[in-house]
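A quick write-up on the structure given underneath.
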Amino acid sequence: MHTFVRRTAALTGLTLAATTTPIPPPAEAAAATNDVLSVDFARTTGAFRGGATGTLYGFGDEGAPTQALINGAHITNTSQKAPYGTQHPSGDAIKVEDGFFHKHGKDMYIYVQDYYPDWPYHGGRRPGDSRTYRQADGTYTDTPNGVWDYLEVVEFVAEAVATTSARPRDYVFIPFNEPDGGNWYADWHGLRETFLADWKASYDMIQKVYARHGLGHARVGGPGDTRWQPERSADFLRYAKSNDVLPDVFIWHELGIDNLGTFRSHHAAYRQLEKDLGIDPIHVNITEWGMLRDMGTPGQLIQWLSIMEDLKVDGQTAYWNYAGNLSDNSARVNAANAGWWMFKWYGDLEGAQTVAVTPPALDTVDTLQGIGAVDVANKRATVLYGGGSKPVSLRLSGLKPRLFGPRVDIEVREITLSGAEGVSGTPSVVKVLDGVRLDRGTVKLDVPTYDRYAAYQVIITPEQDRALVAGGVWTASTEAEHTTLTSATVYDQDPLGGGGWKFLASGSRDVGSFNRPTSKAEWTVTVPRTGRYRFQVIGGAPGVPGRHALFVDGANPTIVQYAANLALGSHQRWQYRGSAEVTVPLTAGQHTLSLRASLDDTSMLPNADITLDKFLLTDVTDGEPTSYPASTLRFVGGAGLTYRPGARGHAEIRGAKERADAYVQAWEAGYHDLSLDYRSTGATSAKVTVNGRRVATVAAPRRGDWRSTVRVHLSQGINEVEIRSTRGILLQQVTITRVAEADTAVVTVEAEDAVRRGAVRVVQYPDASGSNASGLAGLGYVGDGAANTFEVPRGPGFDRPGHYNVTVTYANAELGGNHDYNPQVIDRRLNVTETGGGSAHAYFRYTYAWNSFLERTIPVRLSTADGPLVFGNPDAYAPDIDKISIAPVTLGAPTTVRR
Numbered sequence: 001m002h003t004f005v006r007r008t009a010a011l012t013g014l015t016l017a018a019t020t021t022p023i024p025p026p027a028e029a030a031a032a033t034n035d036v037l038s039v040d041f042a043r044t045t046g047a048f049r050g051g052a053t054g055t056l057y058g059f060g061d062e063g064a065p066t067q068a069l070i071n072g073a074h075i076t077n078t079s080q081k082a083p084y085g086t087q088h089p090s091g092d093a094i095k096v097e098d099g100f101f102h103k104h105g106k107d108m109y110i111y112v113q114d115y116y117p118d119w120p121y122h123g124g125r126r127p128g129d130s131r132t133y134r135q136a137d138g139t140y141t142d143t144p145n146g147v148w149d150y151l152e153v154v155e156f157v158a159e160a161v162a163t164t165s166a167r168p169r170d171y172v173f174i175p176f177n178e179p180d181g182g183n184w185y186a187d188w189h190g191l192r193e194t195f196l197a198d199w200k201a202s203y204d205m206i207q208k209v210y211a212r213h214g215l216g217h218a219r220v221g222g223p224g225d226t227r228w229q230p231e232r233s234a235d236f237l238r239y240a241k242s243n244d245v246l247p248d249v250f251i252w253h254e255l256g257i258d259n260l261g262t263f264r265s266h267h268a269a270y271r272q273l274e275k276d277l278g279i280d281p282i283h284v285n286i287t288e289w290g291m292l293r294d295m296g297t298p299g300q301l302i303q304w305l306s307i308m309e310d311l312k313v314d315g316q317t318a319y320w321n322y323a324g325n326l327s328d329n330s331a332r333v334n335a336a337n338a339g340w341w342m343f344k345w346y347g348d349l350e351g352a353q354t355v356a357v358t359p360p361a362l363d364t365v366d367t368l369q370g371i372g373a374v375d376v377a378n379k380r381a382t383v384l385y386g387g388g389s390k391p392v393s394l395r396l397s398g399l400k401p402r403l404f405g406p407r408v409d410i411e412v413r414e415i416t417l418s419g420a421e422g423v424s425g426t427p428s429v430v431k432v433l434d435g436v437r438l439d440r441g442t443v444k445l446d447v448p449t450y451d452r453y454a455a456y457q458v459i460i461t462p463e464q465d466r467a468l469v470a471g472g473v474w475t476a477s478t479e480a481e482h483t484t485l486t487s488a489t490v491y492d493q494d495p496l497g498g499g500g501w502k503f504l505a506s507g508s509r510d511v512g513s514f515n516r517p518t519s520k521a522e523w524t525v526t527v528p529r530t531g532r533y534r535f536q537v538i539g540g541a542p543g544v545p546g547r548h549a550l551f552v553d554g555a556n557p558t559i560v561q562y563a564a565n566l567a568l569g570s571h572q573r574w575q576y577r578g579s580a581e582v583t584v585p586l587t588a589g590q591h592t593l594s595l596r597a598s599l600d601d602t603s604m605l606p607n608a609d610i611t612l613d614k615f616l617l618t619d620v621t622d623g624e625p626t627s628y629p630a631s632t633l634r635f636v637g638g639a640g641l642t643y644r645p646g647a648r649g650h651a652e653i654r655g656a657k658e659r660a661d662a663y664v665q666a667w668e669a670g671y672h673d674l675s676l677d678y679r680s681t682g683a684t685s686a687k688v689t690v691n692g693r694r695v696a697t698v699a700a701p702r703r704g705d706w707r708s709t710v711r712v713h714l715s716q717g718i719n720e721v722e723i724r725s726t727r728g729i730l731l732q733q734v735t736i737t738r739v740a741e742a743d744t745a746v747v748t749v750e751a752e753d754a755v756r757r758g759a760v761r762v763v764q765y766p767d768a769s770g771s772n773a774s775g776l777a778g779l780g781y782v783g784d785g786a787a788n789t790f791e792v793p794r795g796p797g798f799d800r801p802g803h804y805n806v807t808v809t810y811a812n813a814e815l816g817g818n819h820d821y822n823p824q825v826i827d828r829r830l831n832v833t834e835t836g837g838g839s840a841h842a843y844f845r846y847t848y849a850w851n852s853f854l855e856r857t858i859p860v861r862l863s864t865a866d867g868p869l870v871f872g873n874p875d876a877y878a879p880d881i882d883k884i885s886i887a888p889v890t891l892g893a894p895t896t897v898r899r
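The sequence shown lines up with residues 1 to 899 when you count with UniProt numbering.
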């Protein structure tokens, strides 16, 4: 529908978590207070389908979202705007297909009616014959030609896919979207025969186009109703069967809160209808599911995913806001929110068999639900769960000793709500069982639940040759409503409120009315050692950037700078939350962190009326080393986990086609040490690729246990790491460690200091605007003509040929066209050209305000030593620019040392 805290501790063995009682309660007592989730790994339910995390308009333009986000989220299906479509200014299927099909994409759906710019389509009225279309480009004249106008649209859309797509056989055409709503055929009794005839005409036209290009059968999906419509569906299937125009994919939408309870019954009714009509099962795609409250919220998402995976149907997240951010399941330009990690975990199940899961209740809204799977080839069992408010007792059975051995290792990871635009770090390990003995293939464990909106990943493997550790990096968190508040108000955020037309708050409450000079939220926390700590605020700055001040023990204030967040309507304003991060020095012991709306209790900081949801504090003194063990990696081409002696739980990668993929998170763009811990059986090497670019070949001279490290510049957010080894390695883990002191190798140029050409001019941002532009200045009117450029002369730090990352801090709030409730965002393109060399480009997504800046990294290869870099766009406006940072992709040579 186009409508509208915990501190973790390192614990092993049978102790699973720090608890308030020194002795675990009896099992009977735990069962009385806990939700029980039973998983039987011996009862398989089919091959993992993996199609539930599809998305409607989740792709904007090339690189929006970035390739790392797309690949990591494992998106297998999406619905996009058809070629020539004017419904939205971005999201044309042909333009985004390369990124979609790059790794996991399988089915590209297109809404043919998106040719029309208005919603409902064509004013909500079925077109007649009042136009003559030019098939070459879709333009038309207002004269009839004896052909139904929409059939001409269908023809040139199908022709465009057939002739310009590199993957036309992987498309699914949706001729009609929500025909039972405001789109042409709402009056079923009056327009039934018209719709059925129109379906046949459209279906036949699509087949005709594919036939003349020798493409075979074209897949068509429908009918595409707003909800499960038993009468309409029965009439449609009868007609389609008798006229040989059955859809290849049967489509309807599941929207609303109650659908979590009725979804399965709708699917059962559909399958029964097929049987009654003598129709072989047709694949189902629920091309819009969920509400605002579900997006970005892992404890909500898992409830939907569990239903669709159980039924082995595909589904696509509904389009509620704007294109290009995976339906609010990614953050900023290239970062993960908690919803993205849920998508990623789900995609990690590829190649597994799903198994029987018994939750406390089925078909009940907002309850504990889960997915279980076993990957026999890799001896890896997984449970994904969430949605309940009680602690969870997991009852795992069917872990066959001949597959897993007599003892298993278990790791439990957690993702908590971070807001639609708030950055969520790599999920932390919150529980471990190290070498626990299986009792006739069973194991039981209890896991405290942070919040009903959190979700959990449980990975079970045979015993590994590595020490399992929970909470390797110290962190603490608190809900904003649990802090000591002055001149602020706690608001309840009912998850059922407004019919689901709202974004949720962690703990179902947040802090607002933070709009007086005396407004403050104080958190007393004890840190374990003297060092540097990252303070993160999850909060909403609606429509404009804003600022707070963070005081430590009443002194030494640090400005906390927020970028703007989405603020369109009452259901989004204040609730579309992002995050802000600052690093502060702290001494060991207790401190009071005071977040304030003023520096002096008299004058408000700019746009300080920001909602507060949650605070997090993390020790980053040692660069926050974050490990991605082999048991969490994805494998391609025959690579996989091995449990040979001395390398149990390692990934064996050997041969030109074998690969392991990791998706690593960087809190900020800059240099990180990327380390591989591995064993070799002789002299060997491994190739390391980051974000599609080969960055290093690391080598071990002989048999042994090694750590090879390359210092690499990572983009803020998610970075895709691929590891290959022709001669073979046994990879234990990938570790990322921030090396901030190495950032002296980065050359940063304030845009206003660059050489300006043509109409490009300096833009000043008043301090009162709250802008996060460095120096409160930048460049505007870049592009829209070949002469309107700015130039960065070459200098020390990037004065030699090689591979570089060019990180652009930019603003883009351009909208195009009118829509009742969706912002029609335009992704602006920026070209960077090396004088005397090559060029590169990227598209830059929406930043909500012209004075609110995000960053996007463009990979470039420079071939000269002195050719200036020229930035512009001859065809349209580029984004406004705050600054440019240029960094060599790697520093120094890789190192290898014995472990």
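Quick reminder that beta carbons are idealized off the backbone N, C-alpha and C, glycines included.
- Non-local C-beta neighbours of Ala656 in its own chain, meaning closer than 8 Å and more than five positions away in sequence, comprise Arg724 and Thr726, ordered along the chain.
- Closest by C-alpha distance to Asp510, out of Asp494, Val249, Gly500 and Gln561, is Asp494.
- Scanning Ala754, Ser631, Ser708 and Ala580 for the CA closest to the CA of Glu668 turns up Ala580.
- Per DSSP, Gln272 is not a residue of any beta strand (DSSP E); the alpha helix (DSSP H) it occupies stretches across Asn259 to Leu277.
- If you draw a straight line from the Cα of Val695 to the Cα of Tyr810, it is about 26 Å long.
- Within the stretch 26-92, complete alpha helix (DSSP H) segments of at least 4 residues are found at 27-33 and 67-73, given in chain order.
- Unbroken alpha helix (DSSP H) runs of no fewer than 4 residues, entirely contained in the stretch 323-406, are found at 338-347 and 401-404, following chain order.
- Runs of the beta strand (DSSP E) spanning 3 or more residues and lying entirely within the stretch 554-628 occur at 555-562, 578-586, 589-596 and 611-619, in chain order.
- In the three-state scheme derived from DSSP, where H, G and I count as helix and E and B as strand, Asp314 is classed as strand.
- Assignment of beta-bridge partners to Lys883 by DSSP yields Glu750 and Thr809.
- Classified as buried, Pro65 has 16 or more neighbouring CB atoms from the shown chains inside 10 Å of its CB.
- In this structure, Thr789 is the residue among Thr789, Val552, Thr364 and Asn772 with its C-alpha nearest to the C-alpha of Pro868.
- Counting along the chain, Gly704 sits inside the beta strand (DSSP E) bounded by residues Gly704 to Leu714.
- Thr442 is classed as exposed because its beta carbon has fewer than 16 other beta carbons within 10 Å across all chains shown.
- Taking all protein chains shown into account, Gly50 has 16 or more neighbouring C-beta atoms within 10 Å of its C-beta and is therefore buried.
- The beta carbon of Arg547 lies closer than 8 Å to those of Ile559, Val560, Gln561, Tyr562, Leu605, Pro606, Asn607, Ala608 and Gly770 in the same chain, with the five residues before and after it left out.
- Annotated as distal: Ala666 and Ala639, with beta-carbon spacing of 7 Å or more.
- Contact between Asp827 and Arg845 holds, with the beta-carbon distance rounding to 6 Å and staying under 8 Å.
- With fewer than 16 other Cβ atoms from the protein chains shown falling within 10 Å of its own Cβ, Glu741 counts as exposed.
- Contact between Thr164 and Pro83 holds, with the beta-carbon distance rounding to 7 Å and staying under 8 Å.
- In the structure shown, Trp667 adopts coil according to DSSP, grouped into three states.
- Secondary-structure assignment with DSSP links Gln229 through no beta bridge to anything.
- DSSP links Leu676 through a beta bridge to Ser708 and Val734.
- In the same chain as Leu714, and ignoring 5 residues on each side of it, the C-beta atoms closer than 6 Å to its own belong to Ala666 and His672, in chain order.
- Here Leu830 has Val808, His841, Ala842, Phe844, Phe871, Asn873, Ala878 and Pro879 as same chain residues with Cβ atoms under 7 Å from its own Cβ, once five neighbours each way along the sequence are excluded.
- Taking every protein chain shown into account, the CB of Ala467 has fewer than 16 other CB atoms within 10 angstroms, so this residue is exposed.
- Taking one beta carbon from each stretch, the stretch 121-130 and the stretch 93-103 have fewer than 3 pairs nearer than 8 Å; the two do not touch.
- Distance from the CA of Val157 to the CA of Asn321, rounded to the nearest whole angstrom, comes to 25 Å.
- Taking Arg532 as the centre and dropping the five residues before and after it, the same chain places the C-beta of Thr583, Pro585, Val620 and Thr621 closer than 7 Å to its C-beta, in chain order.
- Taking the Cα of Glu658 as reference, the smallest distance to any Cα among Arg634, Gly670, Ala647 and Gly649 is reached at Arg634.
- In this structure, the alpha-carbon of Arg856 lies about 14 Å from that of Tyr804.
- In the structure shown, Lys687 adopts extended strand secondary structure according to DSSP, grouped into three states.
- Counting only the Cα atoms, Gly138 lies some 26 Å from Gly63.
- Taking the Cα of Gly507 as reference, the smallest distance to any Cα among Glu481, Pro517 and Thr530 is reached at Glu481.
- In the three-state reduction of the DSSP assignment, Ala696 falls in the strand class.
- By the criterion of a C-beta distance shorter than 6 Å, Gly797 is surrounded in its chain by Val747, once the five residues flanking it on both sides are discounted.
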